[in-house]
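*Asks:*
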Amino acid sequence: MTTKEMLRVEQLNKSFGDLHVLKNVDLNVDESDVVVLIGASGSGKSTLLRCLNFLEMKDDGKIVLEGEQIEKETHNLNKIREHVGMVFQHFNLFPHKTVLENVIEAPVLVKNIPKEQAIEEGKALLDKVGLGDKYDVYPSTLSGGQKQRVAIARSLAMKPDVMLFDEPTSALDPELVGEVLATMKELADEGMTMIVVTHEMGFAKEVADWVVYMHDGKIVEYGRPDEIFNHPKEKRTQEFLSSIL
């Protein structure tokens with residue numbers, strides 16, 4: 001079975017002023033891959049995700065999505081973002097809208113999906129993330145874990161081809177982390193292509209197809225979870241893992 005390339009990054013560079021945050025990053029992600037990015041804070045993981053969603057503009061290099069090289073000069077980036085969903089640390093839900101209204105907002109306004117259809121699909125997504133009883137409540141009544149699951153449903157409502165997760169559990173109380181990771185695991189099992197920045201090494205070991213260790217803006221090592229966690233080749237990877245495991 002041939003795998004379809006979903007996303008390719010070649011020689012990606014990004015600086016903020018004098019700070020060179022991404023240094024010649026190369027990354028290939030095939031359809032249905034779950035790629036987990038690990039590394040210390042400041043290693044460039046979140047910046048890489050933000051470049052992949054065009055929230056940050058690369059300085060140079062290539063980002064190829066489903067065979068098409070994306071450039072801000074030639075593409076409508078808002079249209080591209082419909083294909084690349086993103087879930088952040090903080091949920092960014094609209095407080096004055098119900099849970100269901102949060103989920104259907106973008107499909108209705110951006111994709112012009114008929115409201116009845118959006119409601120039906122939105123309810124199905126909320127059922128999927130375990131919040132079928134919360135359609136009509138406001139975000140203020142939810143726990144952090146529930147808010148993050150609403151944020152995941154909201155991202156899925158745009159039917160993206162790739163989902164990016166930027167430390168989706170780091171703002172949560174420890175007892176709420178599991179429910180969000182379980183939702184992500186289910187998505188992975190269904191074949192969603194995912195790139196995840198996380199400090200949850202158990203999730204990386206169990207769910208990732210590939211683990212990428214980043215340090216100082218570079219990809220230091222890339223391999224299957226077993227290789228990275230049990231037999232890391234690079235000294236930097238060994239040091240990082242021994243400091244956290």
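The opening residue of the sequence shown carries number 1 in this note's numbering; numbering runs sequentially from there.
We treat Cβ as the ideally placed atom computed from N, Cα and C, and that holds for glycine.
Since we're looking at a predicted model, the values are computed, not measured.
1. Three or more C-beta pairs under 8 Å: does that hold for the stretch 228 to 237 against the stretch 55 to 68?
2. Quick test of your reading: Leu48 and Leu22, contact by CB under 8 Å. State the CB separation rounded to the nearest angstrom.
3. What are the boundary residues of the alpha helix (DSSP H) that Glu200 is part of?
4. Which runs of the alpha helix (DSSP H) fall wholly inside the stretch 84 to 138 and span at least 4 residues, in chain order?
5. To the nearest angstrom, how far is it from the Cα of Gly67 to the Cα of Val34?
6. From Ile119 to Asp26, what does the alpha carbon distance come to, in whole angstroms?
7. Quick check: what's the CA-CA separation for Glu246 versus Val196?
8. Between Val87 and Ser155, how many whole angstroms is the CB-CB distance? I'm expecting something under 8 Å.
9. So, do the stretch 166 to 186 and the stretch 97 to 113 have three or more beta carbon pairs nearer to each other than 8 Å?
10. In whole angstroms, give me the CA-to-CA distance for Arg50 and Glu116.
11. Considering only the beta carbon of each residue, do Gly44 and Met214 sit closer than 8 Å?
12. Under the DSSP definition of a beta bridge, which residues are partnered with Gly266?
13. Could you pull the DSSP bridge partners for His20 from this structure?
14. Which of the three DSSP states, helix, strand or coil, is assigned to Phe54?
15. Apply the 10 Å Cβ neighbour rule to Arg224 and answer buried if 16 or more other Cβ atoms are within range, or exposed otherwise.
16. First and last residue of the beta strand (DSSP E) that includes Leu37?
17. Since Asn24 and Glu5 should fall inside the 8 Å C-beta cutoff, what is the C-beta to C-beta distance between them, to a whole number of angstroms?
18. I'd like the list of long-range same chain contacts for His199, defined as Cβ closer than 6 Å, with 5 residues on each side in sequence excluded.
19. Between the Cα of Ala157 and the Cα atoms of Leu7, Val9, Leu77 and Arg81, which residue gives the shortest distance?
20. In the DSSP assignment, find the alpha helix (DSSP H) that holds Glu221 and state where it starts and stops.
21. Hey, Ala151 and Leu93: beta-carbon distance below 8 Å or not?
22. Put Met192 into one of helix, strand or coil per three-state DSSP.
23. Pop quiz: Val212 and Tyr222 are said to be a contact at Cβ under 8 Å. What is the actual Cβ separation, rounded to whole angstroms?
24. Can you tell me which of the three DSSP states Asp226 falls into?
25. Using the three-state DSSP reduction, which class does Glu5 fall into: helix, strand or coil?
*Replies:* Working from what's here:
1. By the Cβ rule, the stretch 228 to 237 does not count as touching the stretch 55 to 68, because fewer than three pairs are nearer than 8 Å.
2. Residue mapping note: residue 48 aligns to position 48 of the sequence shown, counting from 1. Residue mapping note: residue 22 aligns to position 22 of the sequence shown, counting from 1. About 6 Å; that satisfies the 8 Å criterion.
3. Taking the sequence shown and counting its residues from 1, the one referred to as residue 200 is at position 200. It is not in any alpha helix (DSSP H) - Glu200 carries neither H nor E in the DSSP assignment.
4. Taking 4 residues as the minimum length, the alpha helix (DSSP H) runs contained wholly in the stretch 84 to 138 are 99 to 109 and 115 to 128, in order along the chain.
5. Indexing the sequence shown from 1 puts residue 67 at position 67. Indexing the sequence shown from 1 puts residue 34 at position 34. The straight-line gap from Cα to Cα measures roughly 19 Å.
6. Here residue 119 corresponds to residue number 119 of the sequence shown, with the count starting at 1. Here residue 26 corresponds to residue number 26 of the sequence shown, with the count starting at 1. Taking the Cα positions, Ile119 is about 40 Å away from Asp26.
7. Nothing in the structure corresponds to residue 246, since the chain is present only between 1 and 245.
8. By 1-based counting over the sequence shown, the position of residue 87 is 87. By 1-based counting over the sequence shown, the position of residue 155 is 155. Right, their Cβ atoms sit about 5 Å apart.
9. Taking a contact to require three or more Cβ pairs closer than 8 Å, the stretch 166 to 186 and the stretch 97 to 113 do not qualify as touching.
10. Taking the sequence shown and counting its residues from 1, one reaches residue 50 at position 50. Taking the sequence shown and counting its residues from 1, one reaches residue 116 at position 116. Each residue's alpha carbon lies about 32 Å from the other.
11. Position 44 of the sequence shown, counted from the first residue, corresponds to residue 44. Position 214 of the sequence shown, counted from the first residue, corresponds to residue 214. Going by beta carbons, Gly44 and Met214 fall inside the 8 Å limit.
12. Beyond the ends of the chain as shown, which are 1 and 245, falls residue 266; an answer cannot be given.
13. Position 20 of the sequence shown holds residue 20. The partner list for His20 (beta bridge, DSSP) reads Ser15.
14. On the sequence shown, residue 54 is found 54 positions in, with the first residue counted as 1. Three-state result, Phe54: coil.
15. For the purposes of this step, residue 224 is identified with residue 224 of the sequence shown, where counting begins at 1. Arg224 is classed as exposed because its beta carbon has fewer than 16 other beta carbons within 10 Å across all chains shown.
16. Along the sequence shown, read from residue 1 onward, the residue named residue 37 stands at position 37. Val34 to Ile38 is the span of the beta strand (DSSP E), which, as asked, contains Leu37.
17. Within the sequence shown, the letter at position 24 stands for residue 24. Within the sequence shown, the letter at position 5 stands for residue 5. About 20 Å separates the CB atoms of Asn24 and Glu5; that is not less than 8 Å, and the two are not in contact.
18. On the sequence shown, position 199 is the one that residue 199 refers to. So the list is empty, once near-sequence residues are dropped.
19. Start at 1 with the first residue of the sequence shown, and residue 157 comes out as number 157. Comparing Cα positions, the closest option is Arg81.
20. On the sequence shown, position 221 is the one that residue 221 refers to. Bounds of any alpha helix (DSSP H) do not take in Glu221; it lies within the beta strand (DSSP E) bounded by Lys218 to Gly223.
21. Working through the sequence shown from its first residue, we reach residue 151 at position 151. Working through the sequence shown from its first residue, we reach residue 93 at position 93. It is a contact, given that the beta carbons lie within the stated cut-off.
22. Looking up residue 192 in the sequence shown gives position 192. Of the three classes helix, strand and coil, the one that applies to Met192 here is coil, per DSSP.
23. Position 212 of the sequence shown, counted from the first residue, corresponds to residue 212. Position 222 of the sequence shown, counted from the first residue, corresponds to residue 222. That pair is a contact at about 5 Å.
24. For this step, residue 226 is matched to residue 226 along the sequence shown. Of the three classes helix, strand and coil, the one that applies to Asp226 here is helix, per DSSP.
25. Along the sequence shown, one-based indexing puts residue 5 at 5. Glu5 falls in the strand class under three-state DSSP.
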